[in-house]
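**Student:** In this note's numbering, the protein residues as written are 65 to 326.
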C-alpha cells in the first residue's frame, strides 16, 4: 500500500521517478507552494527516505508554463525581472539541506557576456540564504565592498573564478573556466556558484532552452568545493528530466553530509 501511495503522490506532483521504487519503499515527498509562472505553474518538492535523509530536492515547471515562455523582450544583455519568480522549498528541508528557496529566471534572449550566455536559457538559483536576504542585495555600485568580499577559495570548487561586478537581488557570480563555453565549444549547460559578503549563497545550473528541448533526461555532477560553510547534506549530482506530461524537473540528488569548516 505504501508503494502505491508513493506512486500516486509522485504522479500528482509531476515528478519523474529517478530510481526504482523498491530502492526506498518508505520514501516521502513534500510539496512546496505552487506559483504562477508564464501561463502555467511551478513548485518545489523534497523527497526523503524512511530515516528522513534527503533523496532529492527538486523544482517542477509544468507543460503549460514551458509551452508559453515569453519571447517578447528584446535582447538587451540584462536579467528580465518580469520572468523571475522565487519559490520556497518545503519547510521539511530547511534543517537538513542548506537550500532555503529557489530563483527561477527565464532569459528569452540570454544575458551578458555577449557571445557566451546570450542564448535563450534558464538560470536556476538554489539559494542558501532567505528570500529577504536575497531581496536586500543592492546594486553593485551601492555595495562594491560586499560583492567583492569573496569567500576563501577553498569554499568554491576548483577552477572557479568570480566574474566582475554583481547582480542586485542575486550576488556575485562564479564560473568554471574549464567549462565548454569558455573553451570554444559554446554554451548549452553549465554550473555557476554565487557569493555575497564572504558567504557562498547559491548553486546555479544554467541551461539553454535548446538543450532542454533536445535532452529529455540529463545528469551531471555538482561541482564540489573542498570546504563548506554550513553543516548539512549537499548534492553530488544534478538531474534534468521531462516527465511524460511535459513537466520539467530540475533535481539535486545523491546527497552527502558535510560539516562546516572554519
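All residues carry an ideal CB built from backbone N, CA and C; glycine is no exception.
(1) Which of the three DSSP states, helix, strand or coil, is assigned to residue 325?
(2) Measure the alpha-carbon distance for residue 309 versus residue 127 and round it to whole angstroms.
(3) From the DSSP output, in three-state form, read off residue 211 for me.
(4) Is it the case that the Cβ atoms of residue 190 and residue 121 are separated by a distance below 9 Å?
(5) Taking the alpha-carbon positions, what's the residue 223 to residue 251 distance?
(6) If you check the beta carbons only, do residue 284 and residue 249 fall under 9 Å apart?
(7) Can you find the residues in the same chain that come closer than 6 Å, C-beta to C-beta, to residue 148, ignoring five residues on each side of it along the sequence?
(8) So residue 193 and residue 164 are supposed to be a Cβ contact under 8 Å. How far apart are they, rounded?
(9) So what does DSSP say about residue 100, is it helix, strand or coil?
(10) In three-state DSSP terms, what is residue 242?
(11) Specify the secondary structure class of residue 281 as computed by DSSP and reduced to three states.
(12) For the alpha helix (DSSP H) containing residue 199, list its first residue and its last residue.
(13) With a Cβ-Cβ cutoff of 9 Å, do residue 302 and residue 317 count as a contact?
(14) If you draw a straight line from the C-alpha of residue 226 to the C-alpha of residue 197, how long is it?
(15) Is it the case that the CB of residue 304 approaches a heavy atom of the ligand MN more closely than 8 Å?
(16) According to the neighbour-count rule (16 or more other Cβ atoms, all chains shown, within 10 Å of its Cβ), is residue 89 buried or exposed?
(17) If you pair each beta-carbon of the stretch 227 to 241 with each one of the stretch 199 to 218, do three or more pairs fall below 8 Å?
(18) Once you ignore the five residues that flank residue 117 on each side, which residues in its own chain have a CB closer than 8 Å to its CB?
(19) What's the gap between the Cα of residue 311 and the Cα of residue 125?
(20) Who are the near neighbours of residue 306 in its chain, counting only those whose CB is closer than 8 Å to its CB and skipping five residues on each side?
(21) Let's test the definition: count the other Cβ atoms within 10 Å of the Cβ of residue 235 and tell me whether it reaches 16, buried, or not, exposed.
(22) DSSP on residue 130, reduced to helix/strand/coil?
(23) Run through DSSP, which three-state label would residue 253 get?
**Tutor:** A quick look at the data gives this:
(1) Residue 325: coil per DSSP, three-state reduction.
(2) Approximately 7 Å between the Cα atoms of the pair.
(3) Annotated three-state conformation of residue 211 is helix, per DSSP.
(4) In this structure, residue 190 sits near residue 121, with a CB-CB distance shorter than 9 Å.
(5) Computed Cα separation, rounded: 17 Å.
(6) No, they are not a contact pair.
(7) For residue 148, where only same-chain residues beyond five positions count, the Cβ hits under 6 Å are 169.
(8) Indeed, because the Cβ distance is near 7 Å, the residues count as touching under 8 Å.
(9) In the structure shown, residue 100 sits in a strand (DSSP, three-state: E or B).
(10) It is coil, neither helix nor strand.
(11) DSSP places residue 281 in strand when its eight states are reduced to three.
(12) Element bounds for residue 199: 195 to 199.
(13) Yes, they are a contact pair.
(14) Straight-line Cα distance between these residues: approximately 20 Å.
(15) As presented, the structure is devoid of all ligands, the ligand MN included, so that no description of it is given.
(16) Classification for residue 89: exposed.
(17) Short answer: they touch.
(18) Once the five neighbours on either side are set aside, the close Cβ partners of residue 117 are 160, 297 and 319.
(19) Residue 311 and residue 125: Cα-Cα distance of roughly 6 Å.
(20) So the list reads 80, 276, 280, 281, 312 and 313, once near-sequence residues are dropped.
(21) By the neighbour-count definition (other C-beta atoms within 10 Å, threshold 16), residue 235 is a buried residue.
(22) Residue 130 falls in the helix class under three-state DSSP.
(23) When secondary structure is reduced to three states using DSSP, residue 253 falls in the strand class.
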